[in-house]
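Using my numbering, you'd call the opening residue of the sequence shown number 13 and step up by one each time.
Here a beta-carbon is modelled for each residue, glycine too, at the ideal position from N, C-alpha and C.
One structure is given below, encoded as structure tokens.
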Amino acid sequence: MTILLASGSKTRANILKNAKISFQVVEHGVDEEEAKISYSNLSPQDMAIKLSEIKAIKPSLKFTDSFVVGGDQVLELNSVLMNKATDMHEAKNQLLELQGKNHKLITSIAVAKNGAIVWKHSDIANITMRNLNEKQIDEYLNSIDKSILGCVGVYAIEQEGIKLLNKIEGDYFSILGLPLLPLTQFLWQNNILFYE
């Protein structure tokens, strides 16, 4: 049975590669911003779940009889969804807003087959950012690759972004964007993951 990862995230792909789980990457073809507008009435957690589901379902209609894994991650600050920064100016404003505060990083993954969700999982990590001044934030943004704009919260804990954080409560792989242990349990239970 083929496992398809419907995600352009290099981090998610690397997690599966490092676990030696055989998979192929496919495009999910979902306009995330449009979908967020369509589902704006949902809570941040329900939004993450819905987005992961549609990212899994859409390619599963084309790649029949494959298990398609879709994922999404959102950041919730004071019960409000924070979108990915579109540029470095917005990134700075987000970090200024997050500094010294606790926020929730909500990660959801779903597996679809032939247009139907067969499994899903969501996880919430509580993360506290350090008290940072404007100079520290500027230095951080000047030192990182601009691809960090693709990460919600403008940080990646496996990279330099860990320096911004004061406390983390949650699963490491979920924070990276792919709750690996629940996913591997699903794969084992469905005889998709095995040693030959």
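Asked: Length of the line joining the Cα atoms of H40 and S34; Found: 18 Å
Asked: Inter-stretch contact at 8 Å, needing at least 3 Cβ pairs: the segment 77-88 / the segment 125-142; Found: yes
Asked: Bridge partner(s) assigned by DSSP for Q85; Found: T119
Asked: Whole-angstrom distance between E88 and I139, CA atom to CA atom; Found: 10 Å
Asked: Residue nearest to F198 in terms of C-alpha spacing, selected from I129, R142, E170, I174; Found: I129
Asked: Residue nearest to A137 in terms of C-alpha spacing, selected from A25, S72, W131, G189; Found: G189
Asked: As assigned by DSSP and simplified to three states, the class of N114; Found: strand
Asked: DSSP-derived helix/strand/coil call for N105; Found: helix
Asked: Inter-residue spacing [alpha-carbon to alpha-carbon] between I66 and R24; Found: 17 Å
Asked: With 16 other Cβ atoms within 10 Å as the buried cut-off, status of W250; Found: Given that the chain is displayed from residue 13 to residue 208, the structure contains no residue 250 and the question cannot be resolved.
Asked: I129 - partner residues in DSSP beta bridges; Found: A124
Asked: The segment 95-106 contacting the segment 51-68, beta-carbon criterion three pairs below 8 Å; Found: no
Asked: Proximity winner among D58, E181, G82, E44, relative to A18 (alpha-carbon distances); Found: G82
Asked: For S64: DSSP bridge partner residues; Found: Answer is none; S64 lacks a bridge partner.
Asked: Complete runs of the beta strand (DSSP E) confined to the segment 132-196 [at least 3 residues]; Found: 177-181
Asked: Helix, strand or coil at L210 [DSSP, three-state]; Found: Outside the modelled stretch of the chain, which goes from 13 to 208, sits residue 210, for which no answer is possible.
Asked: Residues bridged to M59 [DSSP beta-bridge criterion]; Found: Partner(s): none; M59 has no beta bridge.
Asked: Rounded separation between Q85 and Q148 - CA only; Found: 26 Å
Asked: Backbone CA spacing between L192 and N145 [nearest angstrom]; Found: 35 Å
Asked: Endpoints, beta strand (DSSP E) assigned at I15; Found: 15-17
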